[in-house]
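Read through the structure below, which is laid out as structure tokens, and then see the notes.
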Amino acid sequence: MTEETFGPYRIEQLLGRGGMGEVHRAYDTAHDRFVALKRLSPGYHDDEDYRARFRREAQIVARLREPHVIPIHAYGEIDDRLYLDMRLVEGADLSDVIREGTVEPARAVRIVDQVASALDAAHADGLVHRDVKPSNVLVTSGDFVYLVDFGIARSVSPAATSLTASGSVVGTLDYMAPERFESGPVDGRADVYALACVLFACLTSRRPFSADGTAAQIWAHLNETPPKASPLNPAVPAALDDVIAKGMAKNPADRYATAGAFARAAAEALAGSGPGGTPPAGHPGPAAGTTPPAGHPGPAAGTAPPAGQFGQAGGATPLAGLAGSAPAPGAATPSGGFAAPAGQPGPSGPPTPPGGHAGPPSGWPRPAAPVPQGRPQFPQPPTPRPWAPAQHIATGPQQVVNPPPYPPARVRPRPAQRIAIAGVVLAVAVAFVTTMVIWGNRDKTRGSSTFSSTPATTTTTTTTTTTTSATRTRTPQDDALLAALPLVYQNAKSCVPTAPDQDTVATVRCTTVTVDDPYAPPPAEAEFRLFADQAKQNAFFLAVVTSRGIPRMDERGGCRPKSDPIHYALFYRDVSGPLPNEFTTCFLDGGNAQVWWVDTRNLTIGTLKKPGDVETLDKLDLWWNHQILSAF
1 MTEETFGPYR IEQLLGRGGM GEVHRAYDTA HDRFVALKRL SPGYHDDEDY RARFRREAQI
61 VARLREPHVI PIHAYGEIDD RLYLDMRLVE GADLSDVIRE GTVEPARAVR IVDQVASALD
121 AAHADGLVHR DVKPSNVLVT SGDFVYLVDF GIARSVSPAA TSLTASGSVV GTLDYMAPER
181 FESGPVDGRA DVYALACVLF ACLTSRRPFS ADGTAAQIWA HLNETPPKAS PLNPAVPAAL
241 DDVIAKGMAK NPADRYATAG AFARAAAEAL AGSGPGGTPP AGHPGPAAGT TPPAGHPGPA
301 AGTAPPAGQF GQAGGATPLA GLAGSAPAPG AATPSGGFAA PAGQPGPSGP PTPPGGHAGP
361 PSGWPRPAAP VPQGRPQFPQ PPTPRPWAPA QHIATGPQQV VNPPPYPPAR VRPRPAQRIA
421 IAGVVLAVAV AFVTTMVIWG NRDKTRGSST FSSTPATTTT TTTTTTTTSA TRTRTPQDDA
481 LLAALPLVYQ NAKSCVPTAP DQDTVATVRC TTVTVDDPYA PPPAEAEFRL FADQAKQNAF
541 FLAVVTSRGI PRMDERGGCR PKSDPIHYAL FYRDVSGPLP NEFTTCFLDG GNAQVWWVDT
601 RNLTIGTLKK PGDVETLDKL DLWWNHQILS AF
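Taking the UniProt record's numbering, I'd label the letters of the sequence shown as residues 1 to 632.
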């Protein structure tokens, strides 16, 4: 196998890959050390604004001399490709820790305290991290913590907004502050919001909001009340719920002014509760009892942690996380879903938000982002040229001061501002969805229409199976159902009308799809039913779930067969909340994994089927999220 080189670097195993680039373990021949090397996708090279911002922000991050920030060795450009050279350190990301179960409150507060120290240092230097989440928190031996992935950080300036030059929102939706979905300025209090979400995740093994899909997550952050951890974990004192709620306040002005203030409040709430352990005594700086691992001197020594394998013993985990990165095969999975405790009790129905729609349930969504990133695009690189010397970073210590409180923030967006937010929703969908399809002005029947159960007749010949043909009567209802199929089944030759079930006016079965999904295999079969009205549609679905003893659990969101009991729940097409009676469920039946959903606008019910087990069912629901839900 030919050895790949990149300037002075000898490229070794892949640690992570995403839409923005990839991270490798690499050997720096010029300095005789192993590093984590992030290289950006060539597609970003034509964006001069991005290139300038990348260099400017790399300089800001590089000068941070804070013990809880992974240092950057060098950054620059080789063969027209931007890169970052960072240290490799041993450890596991916090998302892995959370997947093992809830974190003991005192330990969780110590971890958050150290992350807050890193954030305060960044904020004092005029930088907002913008992607604080468990997978960007590296926990090493002795619970010494690093905050990684400043790759999408932005300057705190009037010109710096949540949007990129292309209009996309960058970051992870599950931990994103409400103001991030607007086009105005964002300051360090957005990181405080995200840090409060991280503390909630540590204490509960859940993310704050369980809504499935981009639009539903945005809706939750804009409208849902911050969740309480104490009902889910008896070890959490109620006072800590109040701290999290203030940290997650919708209006930035109502939050703690700094990350350090949030961490201190959490420590005080825990200290006043008695049981649970002793929280950190001071801030900023490492929490009490947490010192850098051997060989990891703090900033006073002007050095960074020694090179080493980033990841748990026996496996590599991408350090830097790096915006948009995903784990390589065999690597630890980044955040995007932590298993909720099986059998967790909850209300039988959803809360009721403004407008009469049920609000997003509060719980934990499925592993991997419900709406994935788009498939990375790698255009042909330009003609290589000799690599230029990197801009190496001075290693001398720098003084870090606590950031001052931020000026009063804007109030929550007025209704007129929702137009801008709607544009952000579209930009987020383009950035995160594997296959986004815009529903054009196609001739299809909406939910307000009704169908006659007595069809007009036109004789046509269609294929009823993959091996035989038969002549049957094709009806206008058949044509209406074919026109209303999800885009992934539009014009698929395998989609043919069949004899309708009882209480349906048309049925179509499909065995092939028209769009490939790089993350999940397609179903073996899909079945779609068209109904005369919503009453018959709802009755049919309820008969399916009640005959199998499947309960309604809106608070749990969509299908999570590997972590939650089988249930059915409302799902979300947009930020206005779910439509009444639009449910989804999944279950195993006769050796077949099945995913069902109700589309009230088209008066249809869809079913995906594939032979297999719980793992198959989980993958099938992931495919539904990518290819069906994302196109609504």
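For every residue, glycine included, the Cβ atom is placed at its ideal position computed from N, Cα and C. Only a predicted model underlies this, so the values are computations on that prediction, with no experimental measurement involved.
Open item on the list: Considering just the uninterrupted stretch of the alpha helix (DSSP H) at Cys-559, what are its terminal residues?
Closed with: As a first step, residue 559 is located in the sequence shown; it is residue number 559 there, counting from the start. No alpha helix (DSSP H) holds Cys-559; DSSP gives it neither H nor E.
- [ ] Over the uninterrupted alpha helix (DSSP H) stretch that includes Ile-111, give me the two end residues.
- [x] Working through the sequence shown from its first residue, we reach residue 111 at position 111. Ile-111 -> alpha helix (DSSP H) spans 105-124.
Open item on the list: So, with DSSP's three-state summary, where would you put Val-89?
Closed with: Counting from one through the sequence shown, the residue named residue 89 turns up at place 89. Coil, per DSSP.
Open item on the list: I need the DSSP call for Tyr-406, collapsed to helix, strand or coil.
Closed with: Residue mapping note: residue 406 aligns to position 406 of the sequence shown, counting from 1. Note on Tyr-406: pLDDT 41, under 50, position unreliable in the model; no value is reported.
Task: Cβ distance (whole Å) where Pro-237 is taken to contact Ala-196 below 8 Å - done: Counting from 1 along the sequence shown, the entry for residue 237 is found at position 237. Counting from 1 along the sequence shown, the entry for residue 196 is found at position 196. Not really, about 16 Å apart at Cβ, beyond 8 Å.
TODO: Measure the alpha-carbon distance for Asp-96 versus Val-137 and round it to whole angstroms.
DONE: In the sequence shown, the residue the question calls residue 96 occupies position 96. In the sequence shown, the residue the question calls residue 137 occupies position 137. Distance between the alpha carbons of Asp-96 and Val-137 is about 10 Å.
Open item on the list: Rounded to the nearest angstrom, what separates Phe-144 and Thr-225 at their Cα positions?
Closed with: The count along the sequence shown starts at 1 and reaches residue 144 at position 144. The count along the sequence shown starts at 1 and reaches residue 225 at position 225. Rounded to whole angstroms, Phe-144 to Thr-225 spans 32 Å at the Cα level.
- [ ] Report buried or exposed for Gly-101, applying the criterion of at least 16 other Cβ atoms within 10 angstroms of its Cβ.
- [x] Translated into the one-based positions of the sequence shown, residue 101 becomes position 101. By the neighbour-count rule (16 or more Cβ atoms within 10 Å), Gly-101 is not buried but exposed.
Open item on the list: Looking at Arg-81: is its Cβ nearer than 9 Å to the Cβ of Arg-39?
Closed with: Along the sequence shown, one-based indexing puts residue 81 at 81. Along the sequence shown, one-based indexing puts residue 39 at 39. Yes, the pair counts as a contact, with Cβ atoms nearer than the cut-off.
Task: Through-space distance from Ser-205 to Asn-233, alpha-carbon basis - done: In the sequence shown, counting from the first residue as 1, residue 233 sits at position 233. In the sequence shown, counting from the first residue as 1, residue 205 sits at position 205. The alpha-carbon atoms of Asn-233 and Ser-205 are separated by roughly 10 Å.
Open item on the list: In whole angstroms, give me the CA-to-CA distance for Ala-499 and Val-198.
Closed with: The residue you call residue 499 lines up with position 499 of the sequence shown. The residue you call residue 198 lines up with position 198 of the sequence shown. Cα to Cα, the separation comes out at about 51 Å.
TODO: Taking residue 673 and Arg-207 to be in contact with their CB atoms under 8 Å, please state how far apart those CB atoms are, rounded to whole angstroms.
DONE: An answer regarding residue 673 cannot be provided, because it is not within the stretch 1 to 632 covered by the chain.
Open item on the list: Can you tell me whether Thr-616 is helix, strand or coil according to DSSP?
Closed with: For this step, residue 616 is matched to residue 616 along the sequence shown. Thr-616 falls in the helix class under three-state DSSP.
Open item on the list: Between which residues of its own chain and Ala-245 is the CB-CB distance below 6 Å, once the five residues before and five after are set aside?
Closed with: Here the question's residue 245 lines up with position 245 in the sequence shown. Hits under 6 Å: Pro-226.
- [ ] Report the rounded CA-to-CA distance for Ser-230 versus Asp-501, giving the unit in angstroms.
- [x] Translated into the one-based positions of the sequence shown, residue 230 becomes position 230. Translated into the one-based positions of the sequence shown, residue 501 becomes position 501. Going from the Cα of Ser-230 to the Cα of Asp-501 covers about 47 Å.
Open item on the list: So if DSSP puts Gln-594 in a beta bridge, which residue, or which two residues, is it bridged to?
Closed with: Along the sequence shown, one-based indexing puts residue 594 at 594. DSSP lists Phe-587 and Lys-609 as partners of Gln-594.
Open item on the list: At the level of alpha carbons, what is the spacing between Val-32 and Arg-10?
Closed with: Start at 1 with the first residue of the sequence shown, and residue 32 comes out as number 32. Start at 1 with the first residue of the sequence shown, and residue 10 comes out as number 10. Note that residue 32 is Asp in the sequence shown, not Val. Distance between the alpha carbons of Asp-32 and Arg-10: 11 Å.
Task: Spatially closest choice to Leu-84 from Gly-91, Tyr-568, Arg-51 and Glu-66, by CA coordinates - done: Taking the first residue of the sequence shown as 1, we reach residue 84 at position 84. Checked all of Gly-91, Tyr-568, Arg-51 and Glu-66; the closest Cα to Leu-84 is Arg-51.
Task: For Glu-527, the residue or residues it bridges with in DSSP - done: The residue labelled residue 527 in the question sits at position 527 within the sequence shown. Arg-509 and Thr-607.
Open item on the list: Is it buried or exposed, Arg-560, if we count other Cβ atoms within 10 angstroms and call 16 or more buried?
Closed with: On the sequence shown, position 560 is the one that residue 560 refers to. Buried.
Open item on the list: By alpha-carbon positions, which one of Glu-22, Ala-26 and Ala-58 ends up nearest to Gly-43?
Closed with: Sequence index remark: in the sequence shown, residue 43 carries index 43 (1-based). Cα-wise, what sits closest to Gly-43 is Glu-22.
Task: Three-state class that DSSP yields for Asp-69 in the structure shown - done: To locate residue 69, count along the sequence shown from 1; it is residue 69. According to the sequence displayed, residue 69 carries Val and not Asp. Note: Val-69 maps to strand in three-state DSSP.
Task: Cβ separation of Leu-119 and Asp-46, assumed to be a contact under 8 Å, to the nearest whole Å - done: Here the question's residue 119 lines up with position 119 in the sequence shown. Here the question's residue 46 lines up with position 46 in the sequence shown. Their Cβ separation, rounded to whole angstroms, is 32 Å, which puts Leu-119 and Asp-46 out of contact at 8 Å.
Task: With 16 other Cβ atoms within 10 Å as the buried cut-off, status of Gln-59 - done: What you label residue 59 is simply residue 59 of the sequence shown in a count that begins at 1. Flag for Gln-59 reads exposed.
Task: Cutoff 8 Å; reference Glu-525; Cβ partners in own chain excluding five residues on either side - done: Your numbering for residue 525 matches position 525 in the sequence shown. Excluding positions up to five away in sequence, the list reads Arg-509, Cys-510, Thr-511, Leu-608, Lys-609 and Lys-610.
Task: CA-to-CA distance, Asp-93 to His-73, given in whole angstroms - done: For this step, residue 73 is matched to residue 73 along the sequence shown. For this step, residue 93 is matched to residue 93 along the sequence shown. Between His-73 and Asp-93, the C-alpha separation is close to 21 Å.
Task: Among Val-545, Ala-484, Gly-612 and Ser-210, the one whose alpha carbon lies nearest that of Glu-555 - done: To locate residue 555, count along the sequence shown from 1; it is residue 555. When each option's Cα is compared against that of Glu-555, the closest is Ser-210.
TODO: Taking all protein chains shown into account, decide if Gly-557 is buried (16 or more other Cβ within 10 angstroms of its Cβ) or exposed.
DONE: Counting from one through the sequence shown, the residue named residue 557 turns up at place 557. Classification for Gly-557: buried.
TODO: Just grab the DSSP bridge partners of Phe-6 for me.
DONE: Residue numbering aside, residue 6 sits at position 6 when the sequence shown is read from its first letter. Paired residues: Tyr-9.
- [ ] Rounded to whole angstroms, what's the CA-CA distance from Glu-104 to Gly-91? Just pull it up for me.
- [x] As a position in the sequence shown, residue 104 is number 104, starting the count at 1. As a position in the sequence shown, residue 91 is number 91, starting the count at 1. Approximately 19 Å, taken between the alpha carbons.
Open item on the list: Pop quiz: Thr-514 and Ala-492 are said to be a contact at Cβ under 8 Å. What is the actual Cβ separation, rounded to whole angstroms?
Closed with: Within the sequence shown, numbered from 1, the residue matching residue 514 stands at position 514. Within the sequence shown, numbered from 1, the residue matching residue 492 stands at position 492. That belief holds up - the Cβ atoms of Thr-514 and Ala-492 are roughly 5 Å apart, short of 8 Å.
- [ ] Using 10 angstroms around the beta-carbon of Gln-13, count the other beta-carbons present and answer buried if the total reaches 16, otherwise exposed.
- [x] Taking the sequence shown and counting its residues from 1, one reaches residue 13 at position 13. So Gln-13 counts as exposed.
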